[in-house]
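This report concerns only the one structure given below.
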Amino acid sequence: MKLYRKSCLIASLLIFAPSMSFAGTKFNSGDTAWLLTATALVMLMTPAGLALFYGGMSRGKNILNTIGLSFAAYATVSIMWVIWGFSLSFGKDINGIIGSMQYLFMSGIGVKTLVGSIPTFVFASFQMTFAAITVGLISGSVVERLKFSSWIVFTVLWVTFVYAPIAHWVWGGGWLSNLGALDFAGGTVVHINAGVAGLVFALMLGKRRGFRKIAMPPSSIVLTVLGAALLWFGWFGFNAGSALSANGLSGAAFLSTNTAAAIGAASWMFVDWLTHKHPTMLGGASGAVAGLVAVTPAAGYVNIIGALVIGAVSGVLGWFGASYLKYKFDYDDSLDAFGVHGLNGIWGALATGIFADPAIGSAKGLLYGNPHQLFVQLIAVLATITYSALGTFILVKITSAVTNGLRVSDEEELKGLDISIHTEKGFEI
Amino acid sequence: MKLYRKSCLIASLLIFAPSMSFAGTKFNSGDTAWLLTATALVMLMTPAGLALFYGGMSRGKNILNTIGLSFAAYATVSIMWVIWGFSLSFGKDINGIIGSMQYLFMSGIGVKTLVGSIPTFVFASFQMTFAAITVGLISGSVVERLKFSSWIVFTVLWVTFVYAPIAHWVWGGGWLSNLGALDFAGGTVVHINAGVAGLVFALMLGKRRGFRKIAMPPSSIVLTVLGAALLWFGWFGFNAGSALSANGLSGAAFLSTNTAAAIGAASWMFVDWLTHKHPTMLGGASGAVAGLVAVTPAAGYVNIIGALVIGAVSGVLGWFGASYLKYKFDYDDSLDAFGVHGLNGIWGALATGIFADPAIGSAKGLLYGNPHQLFVQLIAVLATITYSALGTFILVKITSAVTNGLRVSDEEELKGLDISIHTEKGFEI
Amino acid sequence: MKLYRKSCLIASLLIFAPSMSFAGTKFNSGDTAWLLTATALVMLMTPAGLALFYGGMSRGKNILNTIGLSFAAYATVSIMWVIWGFSLSFGKDINGIIGSMQYLFMSGIGVKTLVGSIPTFVFASFQMTFAAITVGLISGSVVERLKFSSWIVFTVLWVTFVYAPIAHWVWGGGWLSNLGALDFAGGTVVHINAGVAGLVFALMLGKRRGFRKIAMPPSSIVLTVLGAALLWFGWFGFNAGSALSANGLSGAAFLSTNTAAAIGAASWMFVDWLTHKHPTMLGGASGAVAGLVAVTPAAGYVNIIGALVIGAVSGVLGWFGASYLKYKFDYDDSLDAFGVHGLNGIWGALATGIFADPAIGSAKGLLYGNPHQLFVQLIAVLATITYSALGTFILVKITSAVTNGLRVSDEEELKGLDISIHTEKGFEI
Amino acid sequence: MKKVEAVIRPFQLDVVKEALLEIGIKGMSVSEVKGYGRQKGHTEIYRGAEYVVDFLPKIKVEVVIKDEDLDNVLDVIIDSAKTGKIGDGKIFVSNIEKAVRIRTGEVDNEAL
Amino acid sequence: MKKVEAVIRPFQLDVVKEALLEIGIKGMSVSEVKGYGRQKGHTEIYRGAEYVVDFLPKIKVEVVIKDEDLDNVLDVIIDSAKTGKIGDGKIFVSNIEKAVRIRTGEVDNEAL
Amino acid sequence: MKKVEAVIRPFQLDVVKEALLEIGIKGMSVSEVKGYGRQKGHTEIYRGAEYVVDFLPKIKVEVVIKDEDLDNVLDVIIDSAKTGKIGDGKIFVSNIEKAVRIRTGEVDNEAL
Ligand SMILES: Nc1ncnc2c1ncn2[C@@H]1O[C@H](COP(=O)(O)OP(=O)(O)O)[C@@H](O)[C@H]1O
Ligand SMILES: Nc1ncnc2c1ncn2[C@@H]1O[C@H](COP(=O)(O)OP(=O)(O)O)[C@@H](O)[C@H]1O
Ligand SMILES: Nc1ncnc2c1ncn2[C@@H]1O[C@H](COP(=O)(O)OP(=O)(O)O)[C@@H](O)[C@H]1O
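Chains as they are written, first to last, in our numbering: chain A, 32 to 460; chain B, 32 to 460; chain C, 32 to 460; chain D, 787 to 898; chain E, 787 to 898; chain F, 787 to 898.
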């Protein structure tokens, strides 16, 4: 919940937006250049980065379908965002709950409309990429058994009824804006939200046939590592772009992001090395993502030492979620959307309340004498978990009713979803 | 044909360029930052995006050669562009037909020379990437049987005698500049041109051995989807970069581009679902590209509703070209350069004349009371088709004479072009 | 050694940096936007571009480990850079030898601290990506037999004791700053340094089992070509970003970079064609990288003709290093870090002294009547070779002592490093 | 000695292997084959072009055994490989005249 | 029963399969093999290192048939697999002592 | 004629092939198999999930020879495939009743 600083900033910017124009003093071509770039970078994360990261982890017979879930999420959200999603999230606030429908089909927005120093069209595009990847992340919990039709229906419902409201509360001038929680680039709205939704969805969907009984070797760790590298690359747009300008704050967020990712990779591999005597590349890739997740809410608030600690813990936490917790409680969060994103989203949100350094952003965490901040962060985390879990539960029920069940048949699951759903193969080489 | 607005803009900018300098008021570092980025994005489209998109669709024994055609096209055009290509296209106009040789080897251009608000070196680089991908697209029609030497010779001839003149007429101050046709980022110069050239080339080259008789399974839909994602990513540079600045117009073009791609993907998959009861990922990837093609001429002119309609139609049209027309008329446009790019280039160019919204760009289409625009678009389309078809026909004849035939031997075709031409394999895993 | 122009520029900028602020006149959001982008581009080069370029060339049983060396290099350097690396390289100069520890953990740097027109955080991030890829390049010489622990230890030592000092001498205000050598983006610091270190390391490590006796087919030329395309893409950030601003000089560097890469690819393939009657795609990919290496020191100094000559020679030189020299002297520089980067780094550094055109950058080479420049370049080359070779020799010895030998066991080498080190497979499709 | 070749469903391999180990069979070689038979294949569709793939992935288990183990082995394979649906596969038995363990030079029953 | 193993060119598989189906053979198993013989391989070149690949891709068709079908099957395979150029492949015939259909337990000719 | 099937280590293939060529064997077919035996496999670990991969990559060399070449061929394979460590593999010999060269129709010893 980018509450305190950024969301307030955005909220106030939105209020004045219509009156600003290119002739005004606020438009900045450098900021716009960076945000255009950042949007492209975040876009790449879903149909390429996440698609490969997840696709490589799924079995060879399901790789294409797994990629397809990210791809379809991106396409679906892109369409609904310009129709009603953006308006629901960033339209004129209605009772602190939701945005108005004023921007339906982007109406009322022209090439001269601004948000801060950047055109509203750019801001809307940037925000769209966030909505898309959030849904994409959820797919990690449910791959290898979900019907494609269920996925599309779920995506539409979930972005409308879970993502858009939370985005509004936090970034669109809703009730959470005043709470004072810190979330630089989406630790709660994106990662806790997706992780919790994934867990709920996975529990409702049930385990894959043979989970923990048969070997489920990843189709390609090479592609997973490539996916992680692309995610890392795109995350610079995600976090440094969330400054909504090209300046020292973007620079700080950029460097924190890179630092946390690097030490997250190192710490996960290190735990691998300790526990299994072998450092795995899947661990390295996963740890980098864990670090990126954890630093997301913190990127523009913490200094380098904060980023190092946040990242170092994230690798251990992700390892714990994916290699221990899941087996301990025996749920099939297949590619660990909860284990990696959920847990580290929570950690990152709390850590922001601990490490926020007034020399970087304009907020103080526990270590700088403001224990209250940590408390606020906790509230934000709990609110997100609760709403996301409840909302997801209801929407999965509805989805199941609409698409006549959620799972492919046993035979289709056995054959693999690439052939049974798409009549295609991932590789024929 | 980026005629009316952009080409005029460019043309006039070029005229005054030499007198502008960094000391002047026009240079803008934000615009330059965005155009540097956009150029890199478009560059990525050819040796990575298109290479994988096409490579994944070709058979395992030809994947490397297919990638090689894109790669070689990019390298070859890069070289010839800085020697004579840029000058032919953007040198001082000679009778509305062609540019002068004044910029041979980029002579006369210095670090302070500008086009509009950006350095000429950046503008020249940006334009180069367009020339390169246009040739690359043609390769889709002729893969799996063309000699490598023929491809290189054809590339040099075609960029010189087909691409450069059309680019000059449209963007370099040539005769089409005054016609008033709209083409924001290259629907005619790039897509119609490439699609038509591909069709002509494919017809002259003949079908692949076994076309429609033996199974020709794609080597990797995974790589094709990755390629489509990279194309989508790069296309933001293509379309939003064509504003030649970082502002609200770039933002509008960016969002339209994304919207059309998304709904193109959805509509192609939807037609798949209707006709074959299965949504394919190849369809999704192809539909995204179809949407990107169709919105290319329109990106900076149409509003979101326009983009939605353009994209929705594009998926159906591409599906029709690739899954029906080709078989109906029994020609081997192997990877559907004509079916996807040709048809959607035409559709996009006409659609621009229908949907152009004066609230976005500065032009009015049919729906805004200007039926004349649609007529102008039609002229531009027909002119491009005619010149491209004729020119390609002649140049393929010449190529064949120079390289002693166009096709590899039957035995080489059977063995696969990777081994027979490159003595390499795509994968050994 | 970006000595004369850029390093002096940077050095002087650093001196005044602390006193500059956003309120000052120097900060430029366009330059910052471009440098943020450029940093992301260069970042992508190591865990994605280089990882795939090298990974595809290694055998199927070692592909993941080869990718892992680049990935681990990037992560490791990212961490140590923000702790002590940046300070060692760019801290206050101590006797022209090394930087002070003032920036330990980035202390003293805030969001308003600038280097020239860009925030110091951005500058530090940009420089970090250079350090990371330099180590990554070395891995090409030693893949398929090196212990993972040895690699990590070597990375830490080498960046600290070889890379950081040279970077300081050249770019951080050290003794080489006054020599007047030209190095726009790192021909000596990065490429000669990495190439020579790779050669020394390879000689000390010994050959792979079966070198020149058994077939060692690359796992995937497809991935190698994709890697080369990503390197090419990222190199625009590397070279055009090294202008530290978005302007005509960046544009010139951008175009030279692309030109040299293209003609490098063409010339290597052409030599292939001449000597083996077949143009290979591995040759094309390698030639592009050779051209990129050779133009790195020259990018912001030479005109297009210079870039063409530099690139054309680079392909021949790389071919010579990789296909002839290595076998002639029978050393196992496995993926030719020396053959491609070392040789072309040397060529590029000397060529800068020959072709530097005062109409592009502010320096004159031999062809513009300044033979002294070539001499200075030669000194810079020899100094780098000597220090790098000696330093690497000592550090490899230390590494070997610390990690109890450098090589995996024969059995592990035979089984492949993916399974023996990482307990993973690259592909299971 | 007899060579027993069983063409089975890929997903039954682990069960078959375990069952054979239990009765004391200590070695075997398996390979991927494509099988054609009564079981139907699937259709792949690429841009409207439909390919019927009628060869299905199967696993061939080859195990050379002592003559006296034959019945036991057959029973065990049938039991463990059976799902009762079309496509369970076949077992073929042939004669092996000689067997050698390369490492030691041991022959015939000693070599198994 | 007889086992007929035919090592053929990959591109002839479809023709051979159709020809066998026509004479009433309802099942077969095929696998990819690499063949060495009179037919020449190719050379792969990677940065100047040349690898002679002398094993060529071939397809092995294995079909177990009733004794009385043997001549017919041989004729059909020879006919359909032949191109007349070096590398067309070989057919080997061996004896099968027992066959079982796993699904039903049917044996010998019933199992084919 | 005899069919000699040797399951060997992948890295010994080149040596075995050369050795066979030297004694005048002019053709063979090889395929990739996964072998289970005394030799231990490895463990793969993915996010804490450990998979024991106990089938190891082996190469099966199949060569059909004249009866009189048998001893010679066996000796040569044993010699060239042996490393002395567990996992060197096995050789199995069976009878071939008929051989045909598809290209020419030559049969039996002529066909080899
Ligand atoms: N005559 C045969 N020779 C060799 N393999 C056969 C033969 N018939 C069937 N097979 C193999 O057995 C597999 C299963 O046969 P199929 O007819 O589909 O089912 P079922 O064994 O249940 O009758 C086939 O896919 C093929 O691999
Ligand atoms: N003695 C043999 N044993 C087993 N397979 C053989 C033998 N000789 C040849 N083959 C197989 O037959 C294939 C074709 O043989 P080759 O000598 O190239 O051509 P042709 O069959 O036309 O004489 C080889 O690639 C190999 O797979
Ligand atoms: N009874 C058998 N039938 C068929 N193949 C066998 C048999 N026993 C072993 N093999 C094959 O031989 C290989 C080597 O056997 P293994 O017991 O590991 O070592 P060794 O041959 O040195 O005793 C196995 O991996 C397997 O492929």
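C-beta atoms are modelled at their ideal positions from N, C-alpha and C, and glycine is treated no differently.
First through last residue of the beta strand (DSSP E) which encompasses residue i
i, result
"M159 of chain B", "Counting along the chain, M159 of chain B falls outside any beta strand (DSSP E), though it belongs to the alpha helix (DSSP H) covering 151 to 170."
Alpha helix (DSSP H) segment containing residue i, residue limits
i, result
"L799 of chain E", "799 to 808"
"E442 of chain C", "441 to 446"
"G821 of chain D", "Element bounds for G821 of chain D: not the alpha helix (DSSP H) but the beta strand (DSSP E), 814 to 822."
"I403 of chain B", "Residue identity differs from the one stated: residue 403 of chain B is His in this sequence, not Ile. Start and end: 402 to 433."
"A394 of chain B", "Where A394 of chain B is concerned, there is no enclosing alpha helix (DSSP H), given that its DSSP letter is neither H nor E."
"F878 of chain F", "It is not in any alpha helix (DSSP H) - F878 of chain F instead sits in the beta strand (DSSP E) that spans 876 to 881."
"L66 of chain A", "60 to 75"
"I245 of chain B", "Neither: I245 of chain B is in no alpha helix (DSSP H) and is coded neither H nor E."
Chain E residues whose Cβ lies nearer than 7 Å to that of residue i
i, result
"Y822 of chain D", "K803, G813, M814"
"E836 of chain F", "Residues of chain E passing the Cβ test: none, with the nearest at roughly 30 Å."
7 Å Cβ cut-off: residues of chain C touching residue i
i, result
"E818 of chain F", "Residues of chain C passing the Cβ test: none, with the nearest at roughly 12 Å."
CB-CB length for residue i against residue j, believed under 8 Å
i, j, result
"R176 of chain A", "L236 of chain A", "7 Å"
"A380 of chain B", "A411 of chain B", "6 Å"
"V320 of chain C", "V371 of chain C", "6 Å"
"A325 of chain A", "G342 of chain A", "7 Å"
"Q404 of chain C", "A394 of chain C", "7 Å"
Short Cβ contact (8 Å threshold) for residue i with residue j
i, j, result
"G315 of chain B", "S345 of chain B", "no"
"T383 of chain A", "V333 of chain A", "yes"
"V819 of chain F", "K846 of chain F", "yes"
"L257 of chain B", "L83 of chain A", "yes"
"A249 of chain C", "E459 of chain B", "In the sequence as displayed, the identity of residue 249 of chain C is Pro instead of Ala. A contact, by the Cβ cut-off of 8 Å."
"G10 of chain C", "S101 of chain C", "Nothing in the structure corresponds to residue 10 of chain C, since chain C is present only between 32 and 460."
"R90 of chain A", "M247 of chain A", "yes"
"S120 of chain C", "G130 of chain C", "yes"
"D62 of chain A", "S276 of chain A", "yes"
"G823 of chain E", "K812 of chain F", "yes"
Partners in chain E for residue i, counting only beta-carbon separations shorter than 9 Å
i, result
"V879 of chain D", "I882, E883, K884, A885, V886"
Residues that residue i contacts on chain A, provided the C-beta gap is smaller than 9 Å
i, result
"F797 of chain D", "G241, I245, L445"
Distance cut-off 7 Å: residue i Cβ against heavy atoms of ligand 4
i, result
"G891 of chain F", "This structure lacks ligand 4; its bound ligands are ligand 1, ligand 2 and ligand 3."
7 Å Cβ cut-off: residues of chain F touching residue i
i, result
"I864 of chain E", "V886, I888, G891"
Listed by chain order, chain B residues near residue i by CB distance under 8 Å
i, result
"V462 of chain C", "Look at the range of chain C in this structure, 32 to 460, and you will see that residue 462 of chain C is not part of it."
Contacts that residue i makes with chain A (C-beta to C-beta distance below 8 Å)
i, result
"T454 of chain C", "H307, H309, T311"
Closer than 7 Å at the beta carbon, the chain D residues around residue i
i, result
"A897 of chain E", "K876"
Amino acids of chain E, ordered along the chain, whose beta-carbon sits closer than 8 Å to that of residue i
i, result
"V859 of chain F", "Those within 8 Å of V859 of chain F in chain E number zero; the least Cβ separation is about 14 Å."
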